[in-house]
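Trainee: One structure follows; several queries about it will come next.
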Amino acid sequence: MKVLVTGAAGFIGFHLSQRLLKRGDEVVGLDNLNDYYDVSLKKARLQQLEGKSNFRFVQLDLVDLNGMSAFFKNEKFDRVVNLAAQAGVRYSLTNPHVYIDSNIQGFINILECCRHAEIEHLVYASSSSVYGANTAMPFSVHDNVDHPVSLYAASKKANELMAHTYSHLYGLPTTGLRFFTVYGPWGRPDMALYLFTKAILAGESIQVFNHGKMMRDFTYIDDIVEGVIRTLDHVAQPNPQWSGDRPDPGTSSAPYRLYNIGNNSPVELMYMIEALENSLGKKAEKEMMAIQPGDVPATYANVDALIDDVGFKPETSIEDGIEQFVQWYMDYYKICL
34 MKVLVTGAAG FIGFHLSQRL LKRGDEVVGL DNLNDYYDVS LKKARLQQLE
84 GKSNFRFVQL DLVDLNGMSA FFKNEKFDRV VNLAAQAGVR YSLTNPHVYI
134 DSNIQGFINI LECCRHAEIE HLVYASSSSV YGANTAMPFS VHDNVDHPVS
184 LYAASKKANE LMAHTYSHLY GLPTTGLRFF TVYGPWGRPD MALYLFTKAI
234 LAGESIQVFN HGKMMRDFTY IDDIVEGVIR TLDHVAQPNP QWSGDRPDPG
284 TSSAPYRLYN IGNNSPVELM YMIEALENSL GKKAEKEMMA IQPGDVPATY
334 ANVDALIDDV GFKPETSIED GIEQFVQWYM DYYKICL
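In this note's numbering, the protein residues as written are 34 to 370.
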């Protein structure tokens, strides 16, 4: 297939592109290379991809409708994976307008381009943050998610609603993937594992929010990519049992699906820190903090729909995943203990 991967210089987009290339697909990677975090890391990821004969990179912003329209007309993609978005819960507290531009305006441009290009399947990144104020666990795609607690979460829920509209009106098959705390080699520098590793190695304290009473369904990057590939190959179909009398949020009478991709095994934040300390061979100096606005105390993914439809369940342990991340970090930054 010829696949467009937006956000190809990002953490997940880079790993997904590698996997698609390895299996023989033609991949066109798109990214605007913004400076939300270190651009040199994004360029280093791209360098890993650009030597491949079946990969091309295009620097373009989803918000540029004219540029996107011309791009889609020239390229003739089979399928699209949209991973380009403004990430980060805390950043959304101080920079709300960026999320409207990237995650709302950018996504409507993707939908319009996919509709007019008659794309076979659009798979897009949603987030576990859409569960917001929900407390019944594990979180299920069949749950109502109408109470976001950050603008980032609201923008991702909006993406799911927008996608459903296009699936309903135009028959565009769309699949939304709610990712749960992704980590691993080449990860984002604004994420806790990266920040903690950097601080511990520098002998600096780490900020532990909610006084450590946090649980996250940490999901290793290889498991995320496997889930994306399987759902990309499994084109969304209408659910013939769907009823407007008892509407199921996870499916539809339109070709629309939602899936959680999470490890289905939440880990206490303090245990994650302990596993990191063990990998680094150094103890962390901890600064206990109150929970931050927009954060939720726990996440836990129900992955039954993913298992039922594509036969996959993430299983990488936090110990193995952190060990892989630490090995990459030491190698990338040329650190010797």
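For every residue, glycine included, the Cβ atom is placed at its ideal position computed from N, Cα and C.
Taking only three categories from DSSP, how would you classify E301?
Mentor: Of the three classes helix, strand and coil, the one that applies to E301 here is strand, per DSSP.
Trainee: With which residues is I294 paired in a DSSP beta bridge?
Mentor: Bridge partners of I294: F212.
Trainee: Which stretch, first to last residue, makes up the alpha helix (DSSP H) that contains V359?
Mentor: Here the alpha helix (DSSP H) through V359 covers 351–365.
Trainee: Which residue's Cα is closest to the Cα of L95: E145, L54, A232, Y124?
Mentor: The option with the nearest alpha carbon to L95 is E145.
Trainee: With three or more C-beta pairs closer than 8 Å as the rule, is the region 37–50 touching the region 64–71?
Mentor: The region 64–71, when compared against the region 37–50, does touch it at the 8 Å Cβ threshold.
Trainee: What residue from L370, G327, M303 has the CA that sits closest to G236's CA?
Mentor: Checked all of L370, G327, M303; the closest Cα to G236 is L370.
Trainee: Which residues does DSSP list as the beta-bridge partners of E318?
Mentor: E318 is bridged to S238.
Trainee: Closest by CA to I452, which one among D68, A42, V182?
Mentor: Residue 452 lies beyond the stretch modelled for the chain, which goes from 34 to 370, so this question has no answer here.
Trainee: Taking 8 Å as the limit between beta carbons, can you name the residues of its chain near N272, skipping five residues before and five after?
Mentor: The residues are D281, T284, S285, S286.
Trainee: Using the Cβ count rule (16 or more neighbours within 10 Å means buried), how would you classify E193?
Mentor: So E193 ends up on the buried side.
Trainee: DSSP three-state call for H154: helix, strand or coil?
Mentor: Strand, per DSSP.
Trainee: For T168, count the other beta carbons within 10 Å of its own beta carbon; 16 or more makes it buried, fewer makes it exposed. Which is it?
Mentor: With fewer than 16 Cβ atoms within 10 Å of its Cβ, T168 is classed as exposed.
Trainee: On a Cα-Cα basis, can you pick out the residue from Y157, L126, R279 that is closest to G139?
Mentor: Nearest of Y157, L126, R279 to G139, Cα basis: Y157.
Trainee: What's the gap between the Cα of I133 and the Cα of A191?
Mentor: Straight-line Cα distance between these residues: approximately 10 Å.
Trainee: To which residues of the same chain is R89 closer than 6 Å at the C-beta, ignoring the five residues directly before and after it?
Mentor: The answer, listed in chain order, is V61.
Trainee: Which two residues bound the contiguous beta strand (DSSP E) that contains V113?
Mentor: First-last of the beta strand (DSSP E) with V113: 112–115.
Trainee: Nearest to T208 by alpha carbon, out of E153, V241, D255, S298?
Mentor: Out of E153, V241, D255, S298, E153 has the C-alpha closest to the C-alpha of T208.
Trainee: What does DSSP give as the partner residue(s) for Q92 in the beta ladder?
Mentor: Q92 is bridged to D64.
Trainee: Return the first residue and the last residue of the beta strand (DSSP E) that L53 is part of.
Mentor: Looking at the DSSP string, L53 is not in any beta strand (DSSP E); the run it does join, the alpha helix (DSSP H), is 44–55.
Trainee: On the CB-based measure, 16 or more other CB atoms within 10 Å of its CB, does S276 come out buried or exposed?
Mentor: S276 is exposed by the Cβ-count criterion.
Trainee: Under a Cβ-count criterion, where at least 16 other Cβ atoms within 10 Å of its own Cβ denotes burial, should M247 be classed as buried or exposed?
Mentor: Buried is the call here.
Trainee: In angstroms, rounded to a whole number, what distance separates the CA positions of L226 and L82?
Mentor: Cα to Cα, L226 sits roughly 24 Å from L82.
Trainee: Report yes or no: is there a C-beta of chain B within less than 9 Å of the C-beta of N192?
Mentor: No chain B is part of this structure, which consists of one protein chain only.
Trainee: Label V359 either buried or exposed according to how many other C-beta atoms from any shown protein chain fall within 10 Å of its C-beta, with 16 as the threshold for buried.
Mentor: The residue in question, V359, is buried, as its Cβ has 16 or more Cβ neighbours within 10 Å.
Trainee: With D256 and T349 assumed to form a contact (beta carbons below 8 Å), what rounded beta-carbon distance in angstroms separates them?
Mentor: Correct: roughly 5 Å between the Cβ atoms.
Trainee: Can you check which of these residues, G245, N293, L234, D250, is closest to R263 by C-alpha distance?
Mentor: Nearest of G245, N293, L234, D250 to R263, Cα basis: N293.
Trainee: Can you check which of these residues, W219, D111, R249, is closest to T332 by C-alpha distance?
Mentor: Among W219, D111, R249, the Cα nearest to that of T332 belongs to R249.
Trainee: Could you tell me whether any non-hydrogen atom of the ligand GTP is closer than 8 Å to the CB of G204?
Mentor: Ligands displayed in this structure: none; no statement on the ligand GTP is therefore possible.
Trainee: Which two residues bound the contiguous alpha helix (DSSP H) that contains K76?
Mentor: Note, K76: alpha helix (DSSP H), 72–82.
Trainee: Taking 8 Å as the threshold, find out whether the region 93–107 comes into contact with the region 69–80 through three or more Cβ pairs.
Mentor: No: fewer than three Cβ pairs fall under 8 Å.
Trainee: Where does Q122 sit, in a helix, a strand or coil, going by DSSP?
Mentor: According to the sequence provided, residue 122 is Val. The question's Gln does not apply to it. In the structure shown, V122 sits in coil (DSSP, three-state: anything other than H, G, I, E or B).
Trainee: Look at the alpha carbon of F251 and the alpha carbon of E318, and state the distance between them as a whole number of angstroms.
Mentor: For F251 and E318, the distance between alpha carbons rounds to 22 Å.
Trainee: Could you spell out where the beta strand (DSSP E) holding L37 opens and where it closes?
Mentor: 35–39 is the span of the beta strand (DSSP E), which, as asked, contains L37.
Trainee: What residue does the alpha helix (DSSP H) around E259 start on, and which one ends it?
Mentor: Here the alpha helix (DSSP H) through E259 covers 254–266.
Trainee: Give me whichever residues DSSP pairs with M248 in a beta bridge.
Mentor: Note: M248 sits in a beta bridge opposite E301, A331.
Trainee: Spatial neighbours of S125 within its chain, please: C-beta separation below 6 Å, excluding the five flanking residues on both sides.
Mentor: The answer, listed in chain order, is Y132, S183, L184, Y185.
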